[in-house]
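A short write-up of the structure that comes next.
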Amino acid sequence: MATPSAPWWRDAVMYQVYLRSFRDGNSDGVGDLRGARSGLAYLSTLGVDGVWISPCFPSPQRDHGYDVSDYCAIDPLFGDLDDFDLLVRDAHQLGLKVVLDIVPNHCSSDHPRFQEALAAGPGSEARRWFHFAEGRGADGSLPPNNWRAMFGGPAWTRVVEPDGRPGQWYLHMFTPHQPDWNWRTPEVADLFDKVLRFWLDRGVDGFRIDVAVGLFKHPDLPDSPDPTADEDARDAINPLAWNQPEVHTVWRRWRAICDEYDAYDGKQRTLVGEVAVPTPSDQALYLRPDELHQAFYFDLLHTPWDASAFRERIGAALHDIASTGAPVTWVLNNHDQQRTVTRYGQSVLPGQEPDLDRGAARALAAALLMLALPGSAYLYQGEELGLPEVTDLPLDALTDPIVAATGRPEAGRDGCRVPLPWSGTKPPFGFTGAEADRTWLPQPDWFDRYTVQLLRANGDSCWHTYRDGLQLRRTVPALRDPALRWLADDDGILAFARGEGFVCAVNFTDAPVPAPFRGTPLLSSQPCDDGKLAANTAAWWIVDPAA
Ligand code: NOJ
């Protein structure tokens, strides 16, 4: 759908393949590259532009791959480099881009560099690659500062030195198994240059950058004014640990590498950052022309189901990000968030069960709203199936390290990561071979209502709405226009126009309203009686611009 000269990523709709849970190719109950490869044709039929693949590198999997022990290989759990190459080849043959997840803020404590640092002892060159520091207090038994880890607990762990005595502490902004690299050591940047080139040489179309506001910490590692903020919000808030000015030097360096490849073969790569910063204008700084191409705009994840709140957050993004020339990268779901069906179905009254029918209607309306916006969008696997969160996983099945660190099962992210239901009427729903003992997270029986097979066979299902929306994005010329004009401002209704005659209206209320437009209906997230826009519904029309 991009204009011939515009790079593909500016308005691409990408599909997040959370590898463990997309499709299993070897019947061990964990999704893998072979499984993902066999699902590419499905994604091509759905009509997305490409895939973001969650980390597939060797890892002890203590944070499900976001704890990397070798950046230039594939974890045997997911296959091998041949499987990877074949996946890239097949994706490209189908016209799908492949974006790889890269984790530069931290590695696994199993990484050879960290093991070397542990063995080398205080003051060694090897320790400069990480943040090792002496503890406070007379015997050094207190952490070097008061920072808290995002997933709970102190951000420092004390090591036992090679001589057997308690010694220095090392910094980890996530779990103790994820030591933070020290990007003030130039060799760290060199290492990642090589990593980038390794995967670019294998044909990837870009990288999703984990914790792209991280990498550099305040050089003095001083106490935080509000030490529990990160932990409470699970967002990058500590102003001394995140969003340091030096991080921009890294994005310029990575951009130059991508530009070098682009100049060589004329293809276009993208760097899409996980840039969780307080305001869209803070985010725009990461999207300067020589830095990241894209950054996820996370504000809609926390926006309540309310027309003016959505309008305000969308408006802020378009004003502060799109006005700088960078596209906004919209997102409603990912592997860290409660799924929209459940999120929007939550009752405001404590103790009441979520209303999943209402949540499903709102989630689909939000998806059509997102797909009608200028910019790029990232879908999370299963949202096209209208999957709700699995909120009743057995306690002993939970695997998210956040649960162990906080002791709060409800804080965990397993519920949005349950393996996808593809077909059939009982677990494993075609996710893995019938001979598999079990899937890595158990699938509930009620997944039988959400299988790909069932939804594709039902022409009225949300799957078809996603597919039709994706197709229209490619074919309606007005949707190539980067500008958006706000229309009606009635209570509970959000409406905007793009290009010549395209309009989108969303009814955020629980009752039908008169349709704000007359014209040719293109698509709606719920059936609408003539002249009406149903409750919790988005609809697209082509109207006569002169009328
Ligand atoms: C953000 C990733 O999306 C999340 O899954 C991971 O746990 C943290 N970064 C740490 O790498």
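Those letters in the sequence shown? Residues 51 to 597, by the numbering used here.
Every residue, glycine too, gets a C-beta built ideally from N, C-alpha and C.
In the structure shown, the three-state DSSP call for His268 is coil.
Look at the beta carbons and you see the stretch 322 to 335 not touching the stretch 522 to 538: under three pairs across the two are nearer than 8 Å. Less than 8 Å separates the beta-carbon of Asp349 from that of Ala367. Residue pairing by DSSP places Asn557 opposite Ile543 and Thr587 in a beta bridge. In the three-state reduction of the DSSP assignment, Trp219 falls in the strand class. Using a cutoff of 7 Å, the CB of Val322 does not count as near the ligand NOJ, since none of the ligand's heavy atoms is closer than that. The closest CA to that of Arg84, considering only Arg60, Asp135, Leu96 and Cys122, is found on Asp135.
In this structure, the CA atom of Thr235 is about 18 Å from the CA atom of Gln218. Boundaries cannot be given for Ser159, as no alpha helix (DSSP H) includes it and DSSP labels it neither H nor E. Looking at the backbone, the Cα of Pro216 and that of Arg177 are separated by about 16 Å. Beta-bridge annotation (DSSP): Pro564 is paired with Lys582.
Three or more Cβ pairs drawn from the stretch 497 to 517 and the stretch 464 to 484 lie within less than 8 Å of each other, which places the two stretches in contact.
For the 8 Å CB-CB criterion, Val556 and Leu419 form a contact. Cβ neighbours of Trp513 within its own chain (closer than 7 Å, five residues either side excluded): Glu434, Leu435, Leu505 and Arg506.
In the structure shown, Met200 falls within a coil segment according to DSSP collapsed to helix, strand and coil. Ranked by Cα distance from Pro469, the options Gly457, Pro459 and Leu443 are led by Leu443. Secondary structure of Ser119 (DSSP, three-state): coil. Taken from the Cβ of Asp464, every heavy atom of the ligand NOJ lies 7 Å or farther away. Of all C-beta pairs linking the stretch 544 to 561 to the stretch 354 to 368, three or more are shorter than 8 Å, placing the two stretches in contact. The beta carbons of Val261 and Trp179 sit no closer together than 8 Å.
Cα atoms of Asp340 and Phe224: separation of roughly 29 Å, rounded to the nearest angstrom. Every alpha helix (DSSP H) stretch that sits fully inside the stretch 72 to 108 and reaches 4 residues is listed by chain position as 83 to 88 and 90 to 96.
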